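A.B. asks: Shown below is the structure under consideration.
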Amino acid sequence: MSENQNLLAEQRRALILDEVRRRGGVRVNELTRKLSVSDMTVRRDLDALARQGLIEKVHGGAVPVVEASTHEPGFEAKSALELTAKEDIARAAAAMAVPGSAIALSGGTTTYALAQQLLDVPDLTVVTNSVRVADVFHSAQRSGGAGGARTGAATVVLTGGVRTPSDSLVGPVADQAIASLHFDVLFLGVHGISLEAGLSTPNLAEAETNRRFVQSARRVVVVADHTKWGKVGLSSFATLEQVDTFVTDAGLPATAREEIEEHLPGLLVTGRIADADS
Numbered sequence: 128m129s130e131n132q133n134l135l136a137e138q139r140r141a142l143i144l145d146e147v148r149r150r151g152g153v154r155v156n157e158l159t160r161k162l163s164v165s166d167m168t169v170r171r172d173l174d175a176l177a178r179q180g181l182i183e184k185v186h187g188g189a190v191p192v193v194e195a196s197t198h199e200p201g202f203e204a205k206s207a208l209e210l211t212a213k214e215d216i217a218r219a220a221a222a223m224a225v226p227g228s229a230i231a232l233s234g235g236t237t238t239y240a241l242a243q244q245l246l247d248v249p250d251l252t253v254v255t256n257s258v259r260v261a262d263v264f265h266s267a268q269r270s271g272g273a274g275g276a277r278t279g280a281a282t283v284v285l286t287g288g289v290r291t292p293s294d295s296l297v298g299p300v301a302d303q304a305i306a307s308l309h310f311d312v313l314f315l316g317v318h319g320i321s322l323e324a325g326l327s328t329p330n331l332a333e334a335e336t337n338r339r340f341v342q343s344a345r346r347v348v349v350v351a352d353h354t355k356w357g358k359v360g361l362s363s364f365a366t367l368e369q370v371d372t373f374v375t376d377a378g379l380p381a382t383a384r385e386e387i388e389e390h391l392p393g394l395l396v397t398g399r400i401a402d403a404d405s
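Per this note's numbering, numbering through the sequence shown is continuous, rising by one, with the last residue being 405.
Right under this line is the structure:
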């Protein structure tokens, strides 16, 4: 069977992952027919997805990873995943930040990447419940040297609260601080996003804090790579209809893009597909 040169590696793997999650499992011979690629290419793609912890290989095919809805990976574990996608998403989202505006950044590795891109946007007021995000801005200010803070450096407000495995601050203290503020734009990282559950997280306290973030924002921008699509955590905190823009990467399957565009006004797909079999 001839190789399908129109589907590149990352795109193929996104389609395979979508098929596994939608059907609850697939066989290698089904994928070779569907994608018009060789058995070896499919097995290589399954190996790559299994290494990322996105599927479980079984004899003759693959099934979804059964992840508890309460499982919350730590920041370091998540920061090593989808690095290129997160950088592409961060660059695109940073262009939405207007100099002199008040913005909020939730916790997460994608918002952490975004914070680094926002250092060049002058005179921002940044509210965050992420220790890691706050440290990005504080470190940049310290690098200004003896002259003090850099001209146009962001003013950063870090909420209090109880620290989660993702280094976010949540709970009543964070909720009260956020509820009293108003943001032009909220950049929101998520554990999972789906048609049925909307935006969700495995942490109940974080769900409430994120809910307050959404309520306090004039505009909600979700920043999440394609692997978050179809994932559902223990607690939902917002519907797709509450999202203004979803910024993701080119690994998101076309079928998912069509579904998302039916439910929210803005979908921005960033980056480009990797080279075949990379």
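Beta carbons are placed, not taken as given, at the ideal position from N, Cα and C, and that holds for glycine. Quantities reported herein were computed from a predicted structural model and do not represent experimental measurements.
Between Ser327 and Ala304, what straight-line distance do the alpha-carbon atoms span, to the nearest angstrom?
C.D. replies: Whole-angstrom Cα-Cα distance: 21 Å.
A.B. asks: Measure the alpha-carbon distance for Val359 versus Val225 and round it to whole angstroms.
C.D. replies: Those two C-alpha atoms are separated by around 32 Å.
A.B. asks: So does the region 173-192 actually touch the region 216-235, counting three or more Cβ pairs closer than 8 Å?
C.D. replies: Taking 8 Å as the limit for Cβ pairs, the verdict is that the region 216-235 does not touch the region 173-192.
A.B. asks: Hey, would you say Asp316 sits closer than 8 Å to Ala301, going by beta carbons?
C.D. replies: According to the sequence provided, residue 316 is Gly. The question's Asp does not apply to it. No, Cβ-Cβ distance for Gly316 and Ala301 is not below 8 Å.
A.B. asks: To test your reading of the DSSP string, which unbroken beta strand (DSSP E) runs of 3 or more residues are found completely within the region 138-197?
C.D. replies: Complete beta strand (DSSP E) runs here, min 3: 182-185 and 188-191.
A.B. asks: Ends of the alpha helix (DSSP H) at Asp96?
C.D. replies: Here the chain comprises residues numbered 128 to 405, so residue 96 is not present and cannot be evaluated.
A.B. asks: Would Phe310 and Val348 qualify as a contact pair, given that the criterion is a beta-carbon distance under 8 Å?
C.D. replies: Not closer than 8 Å, so no.
A.B. asks: Shortest alpha-carbon distance to Ala324 belongs to which of Lys355, Ala267 and Gln138?
C.D. replies: For Ala324, the nearest C-alpha among the options comes from Lys355.
A.B. asks: Taking the alpha-carbon positions, what's the Val341 to Gly378 distance?
C.D. replies: Answer to the nearest angstrom: the Cα atoms are 26 Å apart.
A.B. asks: Closest to Ser228 by C-alpha separation, out of Val253, Val258, Leu176 and Glu388, would be which residue?
C.D. replies: Ser228 has its Cα closest to that of Val253, out of Val253, Val258, Leu176 and Glu388.
A.B. asks: Leaving out five residues on either side along the sequence, give the residues of the same chain with a beta carbon under 7 Å from the beta carbon of His198.
C.D. replies: Low confidence applies here, because His198 scores a pLDDT of 46, under 50, leaving its location unreliable and the question unanswered by this model.
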